[in-house]
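Q: The structure is given below, and queries will be raised subsequently.
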Amino acid sequence: MLLRDILQIKGNRTGGAQIHSVPPDTILQDALRLMTQHDVGSLVVLQGDRLHGLMTLREVLVALSARGAVALGQPVGEIMNDNLIVGGPDDSIDCVRRVMTENHISHLPVIGDEHLLGVISLQDVAKAAYSECSFENRLLKRYINDWPEPETEN
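At position 55 of the sequence shown (counting the first as 1) the number is 55 in full-length UniProt numbering, and the numbers step up by one without a gap.
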């Protein structure tokens with residue numbers, strides 16, 4: 001399974017591949033309200049049409065831990081991660097799972113033809129891997145159930 005497949009599945013579930021984004025001058029409290037409203041764990045930070053960074057719950061926790069409630073009034077551009085690891089639409093789920101695990105990241109922007117196609121979460125990867133394993137399991141069970149009986153000699 002490829003990232004393009006996961007994005008397509010996500011789009012079918014949500015009625016379209018939604019990318020929740022904010023500009024870098026958005027105040028953290030407003031960004032958190034948006035994340036809560038859309039039940040997402042990350043926001044893409046866009047400067048115009050350009051990917052500027054990504055803010056996940058991890059960045060929020062780091063900011064709150066370091067600055068306390070003052071962080072809620074700071075712009076997302078000061079809190080976001082701008083040292084991004086990105087994936088491409090033709091990356092395999094196995095490659096992405098390894099990259100996300102090794103780099104301790106929960107969300108991965110997917111870039112194709114220099115455009116942001118979507119954001120994949122570790123949960124999306126887990127669901128896709130589970131779906132892929134379930135499909136293979138059903139095929140194997142069907143194959144075993146259709147196994148011919150050995151011929152017995154009388």
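In this text, a Cβ means the ideal position worked out from N, Cα and C, and glycines have one as well. Computed from a prediction, not measured in an experiment: that's the story for all the values here.
1) Where does Ser65 land, buried or exposed, given buried means 16+ other C-beta within 10 angstroms?
2) Checking 8 Å against the spacing of the C-beta atoms, do Gly77 and Asp124 come in under that value?
3) Which residues in the same chain have their Cβ closer than 6 Å to the Cβ of Val60, if we skip the five residues on either side of it in sequence?
4) Give a yes or no on contact between the segment 34 to 50 and the segment 84 to 98, applying the rule of three or more CB pairs nearer than 8 Å.
5) Using 8 Å as the threshold, is the C-beta distance between Met80 and Val45 below it?
6) Quick check on DSSP: helix, strand or coil for Gln18?
7) Under the rule that 16 or more other beta-carbon atoms within 10 Å means buried, what is Gly68, buried or exposed?
8) Got a sec, what are the start and stop residues for the alpha helix (DSSP H) Leu57 sits in?
9) Using a Cβ cut-off of 8 Å (strictly closer), state whether Thr101 contacts chain E.
A: Looking at the coordinates:
1) So Ser65 ends up on the exposed side.
2) Against a cut-off of 8 Å, the Cβ pair of Asp124 and Gly77 comes out as no contact.
3) Result list for Val60: empty, nothing under 6 Å.
4) Judged by Cβ distances under 8 Å, the segment 34 to 50 makes no contact with the segment 84 to 98, as fewer than three pairs qualify.
5) Taking 8 Å as the Cβ cut-off, Met80 and Val45 qualify as a contacting pair.
6) Coil at Gln18, not helix or strand.
7) By the Cβ-count criterion, Gly68 is exposed, with fewer than 16 other Cβ atoms from all chains shown falling within 10 Å of its own Cβ.
8) Unbroken alpha helix (DSSP H) run through Leu57: Leu57 to Arg67.
9) Absent from the structure is chain E; it holds one protein chain and no more.
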